[in-house]
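The structure appears below as structure tokens.
Chains as they are written, first to last, in my numbering: chain A, 10 to 119; chain B, 168 to 287.
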């Protein structure tokens, strides 16, 4: 059972906007920055958002991140078929002295 | 080209040991925290361990504490995960990943992963 809770699955149609949430606590999200990773089928994870809302070079502006209190969100606008993947949130946990990942959210583009 | 390449995976019997290696190229390896992350078949990502820039500080997930040891050789741009007392639930793809200079920094580079199967 992960310390970060994500909805297991979400779906949307092309062009739609979807939001993926990540719920934690004061020892992790509440006091630390949040990162998001995208894992396409059969591939290694890829950094999608870092430091809550920063995009690495090459990541489209359709992807955005935010944080409020002990929860964080990833928003994807203008949904495209190639966005179909599993998305993970991650942060540092001060109690564990380690990194924690959410359980992952599988995005299906209908 | 910035990349990480893992090696050393394979099939091992429960209770045995295995050492994974991670070779870095294309960046100043010695200035970044390096992490190991694993993914059991069909499951999510699980952070395993990190080692500080100078190799003096090491942190482990509770699930591997006391059994796994992380190390680095900055002179060779190599990073290692020594795994002892392996259990079937250690079966996973193991990724090494590059962090920043802080422990909570994002993992911006990932290797392709190496599969470890613990089975009799």
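A virtual CB, placed ideally from N, CA and C, is assigned to each residue, including glycine.
Just so we're clear, the structure is a prediction, and the values are computed from it rather than from any experiment.
Comparing the C-beta of residue 170/B with each C-beta of chain A, is any distance below 7 Å?
-> One-based indexing of the second chain puts residue 170/B at position 3. False, the Cβ-Cβ gap to chain A never drops below 7 Å.
Using alpha carbons as the reference points, say which of 237/B, 199/B, 168/B, 180/B lies closest to residue 159/B.
-> Because residue 159/B is not part of the residues shown, which for chain B are 168 to 287, the question remains open.
Min CB distance residue 17/A to chain B below 7 Å = Walking along the first chain from the start, residue 17/A turns up at place 8. Output row for residue 17/A: interface = no.
Comparing the C-beta of residue 230/B with each C-beta of chain A, is any distance below 7 Å?
-> For the purposes of this step, residue 230/B is taken as the residue at position 63 of the second chain. By this cut-off, residue 230/B is not an interface position.
Does the distance from the CB of residue 204/B to the CB of residue 264/B come in under 7 Å?
-> Walking along the second chain from the start, residue 204/B turns up at place 37. Walking along the second chain from the start, residue 264/B turns up at place 97. Cβ distance < 7 Å, so residue 204/B and residue 264/B count as in contact.
According to DSSP, which residues form a beta bridge with residue 261/B?
-> Taking the first residue of the second chain as 1, we reach residue 261/B at position 94. Beta-bridge pairing links residue 261/B to 205/B, 281/B.
Would you report the Cα separation of residue 231/B and residue 215/B, rounded to the nearest angstrom?
-> Locating residue 231/B in the second chain gives position 64, counting from the first residue. Locating residue 215/B in the second chain gives position 48, counting from the first residue. Going by the C-alpha atoms only, they are around 7 Å apart.
Please classify residue 229/B: is it buried, with 16 or more other beta-carbons within 10 angstroms of its beta-carbon, or exposed?
-> Position 62 of the second chain, counting from 1, holds the residue named residue 229/B. Result: exposed.
Given 8 Å as the limit, is there contact between the stretch 55-75 of chain A and the stretch 232-250 of chain B, that is, 3 or more CB pairs closer than that?
-> no
Are residue 111/A and residue 49/A touching if we call contact CB-CB under 7 Å?
-> Residue numbering aside, residue 111/A sits at position 102 when the first chain is read from its first letter. Residue numbering aside, residue 49/A sits at position 40 when the first chain is read from its first letter. Their beta carbons are not under 7 Å apart, which means residue 111/A does not touch residue 49/A by this criterion.
Through-space distance from residue 27/A to residue 241/B, alpha-carbon basis = Along the second chain, one-based indexing puts residue 241/B at 74. Along the first chain, one-based indexing puts residue 27/A at 18. Approximately 42 Å between the Cα atoms of the pair.
Give the single residue among 201/B, 261/B, 184/B whose Cα lies nearest to the Cα of residue 275/B.
-> As a first step, residue 275/B is located in the second chain; it is residue number 108 there, counting from the start. It is 201/B whose Cα lies nearest to the Cα of residue 275/B.
Between the stretch 252-276 of chain B and chain A, which residues of the former have a C-beta closer than 7 Å to a C-beta of the latter?
-> 262, 270, 271, 273, 274, 275
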